[in-house]
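Presented below is the structure to which this report refers.
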Ligand SMILES: Cc1ncc(COP(=O)(O)O)c(C=O)c1O
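In the numbering used here, the protein residues as written are 226 to 583.
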């Protein structure tokens with residue numbers, strides 16, 4: 226097993242002559258092994274590990290200069306939106322939020338300052354799908370960098386670099402780590418120059434994970450494929466069950482044939498995963514909160530992608546940083562419930578949802 230190099234500095238042979246490792250903010254052997262594994266699981270040439278998913282996102286934005294513009298998905302993880310609007314807008318970087326379910330919506334926002342397209346597919350929490358290959362073609366044509374947040378799909382279900390993206394970002398905290406015991410992020414890329422720029426940002430601004438966390442993620446990756454298979458199986462069963470439930474109004478899951486972008490999901494994903502959201506026919510926030518507080522196996526918690534099932538209220542939890550008006554405009558209502566379906570016995574999970582919904 227890869228050793229945990231609990232080491233901040235490394236003995237050198239002579240002044241400025243090191244043996245491959247000098248100081249652990251720049252490199253650590255456990256992290257090096259993990260970064261190679263990150264590259265391998267996304268069919269990438271390079272991988273870089275960060276101390277969180279938002280730190281990985283932050284590194285990508287630090288490639289930009291004041292005056293640059295970014296086109297970002299209108300419906301994405303609330304923390305990404307918060308970073309863009311509250312932190313980087315202050316540095317004169319301009320963000321355009323666009324509904325990317327139709328890739329053509331992006332075109333009208335492209336100008337000579339556009340340097341980055343940021344997309345997330347499937348989106349958190351509405352499971353909207355963006356056509357990665359179509360956006361990548363547009364980005365290439367205009368020489369704009371495309372970064373895909375691939376957290377919801379995981380590298381097992383979707384590989385954006387193979388579809389033409391320049392960069393993939395993961396909240397490793399989720400499926401890649403898989404056990405809800407570590408916060409981490411990563412970037413994968415093929416371009417050597419882009420890797421050098423991002424490595425420079427990684428070591429200069431220091432958002433690196435510790436060796437123990439790297440070890441845990443290396444271990445998580447070994448079971449990613451097996452876990453994902455069960456997440457997908459359980460997810461499909463629960464999505465169909467909820468859809469047929471008398472008290473459920475709508476289920477958001479990209480594996481339904483009548484999902485608006487089902488054909489794109491089918492084209493770019495190997496399966497549809499275990500993330501979904503739903504609303505109740507009794508559309509009151511109080512009723513949603515009652516259900517959220519009534520599950521016994523589904524734990525009420527933020528995050529997703531771990532082996533244990535979680536239930537979440539995006540409006541007050543994961544997406545509370547998006548103003549209500551913005552959220553509702555994008556379809557994220559106050560009564561929406563999100564599920565991260567784990568790998569437990571699916572009949573137990575269904576029974577739990579049934580008793581909670583009543
Ligand atoms: C889709 C997505 N991207 C990015 C992040 C941020 O990652 P982290 O929490 O590891 O910083 C999250 C976290 O919930 C997420 O769901």
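Even glycine gets a Cβ: it sits at the ideal position worked out from N, Cα and C.
Practice task
Would you kindly check if the distance between the Cβ of residue 238 and the Cβ of residue 393 is under 8 angstroms?
Solution key: no
Problem - Rounded separation between residue 452 and residue 398 - CA only - result: 15 angstroms
Practice task
Using only alpha-carbon positions, find the residue among 529, 436 and 537 that is nearest to residue 595.
Solution key: This structure does not reach residue 595, given that the chain is present from 226 up to 583, and the question cannot be answered.
Practice task
Counting only the same chain and skipping the five closest in sequence on each side, list residues whose C-beta sits under 6 angstroms from that of residue 590.
Solution key: No information on residue 590 is available, as it lies outside the stretch 226 to 583 that the chain covers here.
Problem - Three-state secondary structure assigned by DSSP to residue 513 - result: helix
Handout entry: Backbone CA spacing between residue 273 and residue 374 [nearest angstrom]
Key = 14 angstroms
Handout entry: Beta-bridge pairing of residue 295 - partner residues as DSSP gives them
Key = 320 and 341
Exercise for the section: Using only the heavy atoms of ligand 1, determine whether one of them is closer than 7 angstroms to the beta carbon of residue 377. Expected result: yes
Problem - With 16 other Cβ atoms within 10 Å as the buried cut-off, status of residue 536 - result: buried
Problem - Contact test: residue 337 Cβ vs ligand 1 heavy atom, cutoff 7 angstroms - result: no
Problem - Continuous alpha helix (DSSP H) stretch holding residue 537: start and end - result: Here residue 537 belongs to no alpha helix (DSSP H); instead the beta strand (DSSP E) covers 535-537.
Exercise for the section: Figure out for me which residue from 342, 354, 395 and 289 has the closest Cα to the Cα of residue 370. Expected result: 342
Handout entry: Rounded separation between residue 490 and residue 460 - CA only
Key = 15 angstroms
Exercise for the section: Look at residue 328 and residue 355 and say whether their C-beta atoms are less than 8 angstroms apart. Expected result: yes
Exercise for the section: Over the uninterrupted alpha helix (DSSP H) stretch that includes residue 453, give me the two end residues. Expected result: 449-468
Exercise for the section: Would you check whether ligand 1 has a heavy atom nearer than 7 angstroms to the C-beta of residue 398? Expected result: yes
Exercise for the section: Report yes or no: do three or more beta-carbon pairs, one from the region 560-577 and one from the region 313-320, lie closer than 8 angstroms? Expected result: no
Practice task
Starting from residue 274, follow the alpha helix (DSSP H) in both directions and report where the run begins and ends.
Solution key: First-last for residue 274: 271-275, but that is the beta strand (DSSP E), not the alpha helix (DSSP H).
Practice task
Could you check how far apart the C-beta atoms of residue 331 and residue 360 are, in whole angstroms? I think they sit under 8 angstroms.
Solution key: 6 angstroms
Practice task
Check whether the Cβ atoms of residue 505 and residue 512 sit closer than 8 angstroms, and answer yes or no.
Solution key: yes
Exercise for the section: Check each candidate in 418, 560, 288 and 305 and name the one with the smallest Cα separation from residue 473. Expected result: 560
Practice task
Can you give me the start and stop residues for the alpha helix (DSSP H) that residue 366 sits inside?
Solution key: 357-366
Practice task
Work out the CA separation of residue 455 and residue 438 for me, nearest whole Å.
Solution key: 24 angstroms
Problem - Own chain partners of residue 665 with C-beta closer than 7 angstroms, once the 5 adjacent residues on each side are dropped - result: Lying before the first or after the last residue shown, residue 665 is absent from the chain, which here runs from 226 to 583.
Handout entry: Distance between residue 306 and residue 262 (C-alpha atoms, nearest Å)
Key = 29 angstroms
Practice task
Give the range of the beta strand (DSSP E) segment to which residue 374 is assigned.
Solution key: 370-374
Problem - Cβ-based neighbour list, residue 277, same chain, cut-off 8 angstroms, excluding 5 preceding and 5 following - result: 396, 398, 408, 409, 410 and 432
Problem - Beta-carbon proximity check, residue 502 vs residue 350, cutoff 8 angstroms - result: yes
Handout entry: Unbroken alpha helix (DSSP H) run spanning residue 552, endpoints
Key = 549-554
Handout entry: Helix, strand or coil at residue 410 [DSSP, three-state]
Key = strand
Handout entry: Cβ shell of residue 485 (< 7 angstroms), same chain only, five flanking positions each side left out
Key = 326
Exercise for the section: Return helix, strand or coil for residue 230, following the three-state DSSP convention. Expected result: coil
Handout entry: Endpoints, beta strand (DSSP E) assigned at residue 476
Key = 473-477
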